[in-house]
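> A single structure is presented below for examination.
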Amino acid sequence: MPQFLNSCYRRICRLFCNLFFIINPMFVQQLPSRQYAVYLTTVAFFGLLSPDSASAHDQEDVTVLEEMQVVGERPVAASSARIILNEDILLQPQGRPADLLRLAPGLITLEHSGGAGKADQFLLRGFDADHGTDLAL
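Just add 13 to the spot in the sequence shown (first one is 1) and you have my numbering.
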């Protein structure tokens, strides 16, 4: 392989090694008040390196980076809860209350076929759609 291509190939491999990070669950540490620290580790892609690009006389300066700690808060919400943001409400046409409830997953809202003055029908995924089933909102 020509020297120029060999040098370019090494730089591309180094770029890939520096860009890709793995967040490994065993490196996640819980801190007080629902904060978590995640330690990022780089991954070396040895499959990308060709045998002739790893020669000893082509060694370049190696930069050793310090350990990095990322701290953040995790929002508290149940997985069964659906939060509808204010932006979603403002973008939704609001002719009737059922139009807003349509944003909730698993909740189907139907306008009664009897016309004005009739109650809307609300169906929940996984429940019977008979008239005896009540839905508390």
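Ideal Cβ positions, reconstructed from N, Cα and C, are used throughout, including at glycine.
(1) How is E2 classed by DSSP in three states: helix, strand or coil?
(2) Have a look at I96 and L136 and give me their C-alpha separation to the nearest angstrom.
(3) For my contact list, A132 and T122 are in at a C-beta cut-off of 8 Å; report their separation, rounded to the angstrom.
(4) Nearest to F140 by CA position, among E124, H125, V83, L120, is which residue?
(5) Cβ of L116 within 8 Å of Cβ of D101?
(6) Determine the contact status of L113 and Q107, defining contact as a CB-CB distance below 8 Å.
(7) Where does the unbroken alpha helix (DSSP H) through Q113 begin, and where does it stop?
(8) If you draw a straight line from the alpha carbon of M81 to that of P118, how long is it in whole angstroms?
(9) Q107 bridges to which residues according to DSSP?
(10) Identify the residues that DSSP records as bridge partners of L136: which are they?
(11) Leaving out five residues on either side along the sequence, give the residues of the same chain with a beta carbon under 6 Å from the beta carbon of R109.
Looking at the coordinates:
(1) The chain is shown only over 14 to 150; residue 2 falls outside these bounds and no answer can be derived.
(2) Taking the first residue of the sequence shown as position 1, residue 96 is located at position 83. Taking the first residue of the sequence shown as position 1, residue 136 is located at position 123. Between I96 and L136, the C-alpha separation is close to 19 Å.
(3) To locate residue 132, count along the sequence shown from 1; it is residue 119. To locate residue 122, count along the sequence shown from 1; it is residue 109. Contact between A132 and T122 is ruled out by a C-beta separation of about 11 Å, above the 8 Å threshold.
(4) The count along the sequence shown starts at 1 and reaches residue 140 at position 127. Taking the Cα of F140 as reference, the smallest distance to any Cα among E124, H125, V83, L120 is reached at L120.
(5) The sequence position of residue 116 within the sequence shown is 103, counting from 1. The sequence position of residue 101 within the sequence shown is 88, counting from 1. Between L116 and D101, the gap from beta carbon to beta carbon is short of 8 Å.
(6) One-based indexing of the sequence shown puts residue 113 at position 100. One-based indexing of the sequence shown puts residue 107 at position 94. Yes, Cβ-Cβ distance for L113 and Q107 is below 8 Å.
(7) Position 100 of the sequence shown holds residue 113. For the record, residue 113 in the displayed sequence is Leu; it is not Gln. For L113, the enclosing alpha helix (DSSP H) stretches over residues 110-114.
(8) Taking the sequence shown and counting its residues from 1, one reaches residue 81 at position 68. Taking the sequence shown and counting its residues from 1, one reaches residue 118 at position 105. In a straight line, the C-alpha of M81 is about 39 Å away from that of P118.
(9) On the sequence shown, position 94 is the one that residue 107 refers to. Its beta-bridge partners do not exist; DSSP assigns none.
(10) On the sequence shown, residue 136 is found 123 positions in, with the first residue counted as 1. Paired residues: I121.
(11) Within the sequence shown, numbered from 1, the residue matching residue 109 stands at position 96. Taken in chain order, the list of residues that qualify is empty.
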